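A.B. asks: Here it is, the structure, as structure tokens.
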Ligand SMILES: CCC/C=C/C=C/C(=O)SCCNC(=O)CCNC(=O)[C@H](O)C(C)(C)COP(=O)(O)OP(=O)(O)OC[C@H]1O[C@@H](n2cnc3c(N)ncnc32)[C@H](O)[C@@H]1OP(=O)(O)O
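Numbering (my numbering), first residue to last: 2 to 299.
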């Protein structure tokens, strides 16, 4: 870079750092901004193989709610630190909850405690879907139990060739209750395959995960996965945030409604959003054969 521009670049970088430094910090998550408009959320309990505690669920919910409102964020990468994506529900936390439940005499009080924990898990994973920014999940090694529920709430999934997935709850004597049963059939489509995976609790390895559509692409290792997923994220981040967030809202709504309802939803959305400067600038750039449009924050 020419020396004339260096001071300007420094000021811009400082402004950029200041504008992204408002994000909360978390005990169980590591949140960074590797590229402009690209946020990286890492599950960060590596010693426990990113096993999920109630604290992690609360932090996931708070994190994705914050990112939803953060105009510096246009796309989110989700991965796990250490040697595994996630080992699912934290068994120490689960045992503590059983003790707490055991201390209550009455069935209604016991149920209330259990319901609160289930709700926290469900809300944590649903926050990825409520978040208007696309979430790209990158799985290495294992994704077990509650991990699959988390994963199916992401927009796009990738994995390494050594990855495996397991809806393991049935092997623990419980019905999976935090999202995989509801979302996996919508992600994979093949209902019989999903039921077999859930009823048996068997492992699904990377090649099958790709074949059934659980992941979009399989990579040789974590490094190559992260750099490719980062490229996808950067491409999304360059697009109009009005258009991308409208797409997510329409895709999620249309998945759960009839075609006619989905069409009505996007018509109402776009009667407003086609008045946005993003559309005007996009069409003008197209007419003038300009390719590099910079869209304002949203
Ligand atoms: C209201 C609740 C709704 C939600 C329900 C959700 C249910 C589920 O998620 S079901 C799935 C539960 N998870 C499991 O069954 C996985 C248990 N872990 C394993 O099978 C193995 O650890 C694994 C195959 C993942 C890895 O094996 P490896 O030999 O490579 O490592 P380990 O020596 O076993 O583990 C290393 C340290 O990590 C700790 N750890 C592993 N899993 C968990 C976990 N789920 N919760 C808490 N901690 C976990 C393990 O204890 C080791 O720690 P340390 O002994 O201190 O070194």
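For each residue, glycine too, the CB sits at the ideal point set by N, CA and C. Keep in mind it's a predicted model, so treat the numbers as computed, not measured.
#1: Please confirm whether any heavy atom of ligand 1 lies closer than 6 Å to the CB of residue 92.
#2: Starting from the C-beta of residue 64, find all residues in its chain whose C-beta is less than 7 Å away, skip the five residues before and the five after it, and write them out in chain order.
#3: Can you check whether the CB of residue 181 is closer than 7 Å to the CB of residue 153?
#4: Throw me the rounded Cβ distance for the residue 58 and residue 122 pair, which I believe falls under 8 Å.
#5: Kindly list the residues whose CB is nearer than 6 Å to the CB of residue 267, restricted to its own chain and excluding five residues on each side of it in sequence; keep chain order.
#6: Decide if the stretch 65 to 76 is in contact with the stretch 90 to 107; the criterion is three or more beta carbon pairs, one per stretch, under 8 Å apart.
#7: How many angstroms separate the CA atom of residue 212 from the CA atom of residue 178?
#8: Going by DSSP in three states, residue 41 sits in which element: helix, strand or coil?
#9: List the DSSP bridge partners of residue 165.
#10: Below 6 Å, is the gap between the Cβ of residue 61 and the nearest heavy atom of ligand 1?
#11: For residue 192, count neighbouring Cβ atoms within 10 angstroms of its own Cβ and tell me buried if that reaches 16, exposed if not.
#12: Residues in its own chain within less than 7 Å of residue 294 by CB, not counting five upstream and five downstream?
#13: Given a threshold of 16 other Cβ atoms within 10 Å of its Cβ, counted over all protein chains shown, does residue 97 qualify as buried or as exposed?
#14: From residue 194 to residue 270, what does the alpha carbon distance come to, in whole angstroms?
#15: Does the beta-carbon of residue 88, which I'm using as the reference point, lie nearer than 6 Å to any heavy atom of ligand 1?
#16: Are at least three pairs of beta-carbons, each pair with one atom in the stretch 82 to 93 and one in the stretch 43 to 57, less than 8 Å apart?
#17: Excluding the 5 residues flanking residue 19 on each side, which residues of the same chain have their C-beta closer than 7 Å to its C-beta?
#18: Start and end of the beta strand (DSSP E) containing residue 121?
#19: Would you identify the three-state DSSP class for residue 187, choosing helix, strand or coil?
#20: Could you have a look at residue 33 and say whether DSSP puts it in helix, strand or coil?
#21: Measuring from the CB of residue 113, is there a heavy atom of ligand 2 at a distance below 6 Å?
#22: What separation, rounded to the nearest whole angstrom, lies between the Cα atoms of residue 120 and residue 183?
#23: From the DSSP output, in three-state form, read off residue 213 for me.
#24: Does the count of Cβ pairs from the stretch 129 to 149 and the stretch 106 to 120 closer than 8 Å reach three?
#25: Could you check what DSSP says for residue 102 in three-state terms: helix, strand or coil?
C.D. replies: Checking against the coordinates, here is how it stands:
#1: Ligand 1 has a heavy atom closer than 6 Å to the beta-carbon of residue 92.
#2: So the list reads 27, 30, 32, 42, once near-sequence residues are dropped.
#3: Closer than 7 Å, so yes.
#4: Indeed they touch by this definition, with Cβ atoms about 5 Å apart.
#5: Within the same chain, Cβ atoms closer than 6 Å to the Cβ of residue 267 are found at 251, the five residues on either side in sequence being excluded.
#6: Contact fails: fewer than three Cβ-Cβ distances are below 8 Å.
#7: Going by the C-alpha atoms only, they are around 25 Å apart.
#8: Here residue 41 sits in strand by DSSP.
#9: The partner list for residue 165 (beta bridge, DSSP) reads 143, 206.
#10: Ligand 1 has no heavy atom closer than 6 Å to the beta-carbon of residue 61.
#11: With fewer than 16 other Cβ atoms from the protein chains shown falling within 10 Å of its own Cβ, residue 192 counts as exposed.
#12: Closer than 7 Å at Cβ, skipping near neighbours: 282, 283, 286.
#13: Its Cβ having fewer than 16 others within 10 Å, residue 97 is exposed.
#14: If you draw a straight line from the Cα of residue 194 to the Cα of residue 270, it comes to about 35 Å.
#15: The answer is yes for residue 88.
#16: Touching, yes.
#17: Reliability of the predicted coordinates at residue 19 is poor, the pLDDT of 48 falling under 50, and the value obtained from them is presented with this limitation in mind. Exclusion of the five residues before and after residue 19 leaves no residue of its chain whose Cβ lies closer than 7 Å to its Cβ.
#18: Looking at the DSSP string, residue 121 is not in any beta strand (DSSP E); the run it does join, the alpha helix (DSSP H), is 108 to 131.
#19: Helix, per DSSP.
#20: The answer is strand: DSSP assigns residue 33 an E or B state.
#21: Summarising the ligand content, the structure contains ligand 1 and does not contain ligand 2.
#22: So the alpha carbons of these two residues sit roughly 14 Å apart.
#23: Correct three-state label for residue 213: coil.
#24: Counting Cβ pairs under 8 Å, fewer than three are found: no touch.
#25: DSSP places residue 102 in helix when its eight states are reduced to three.
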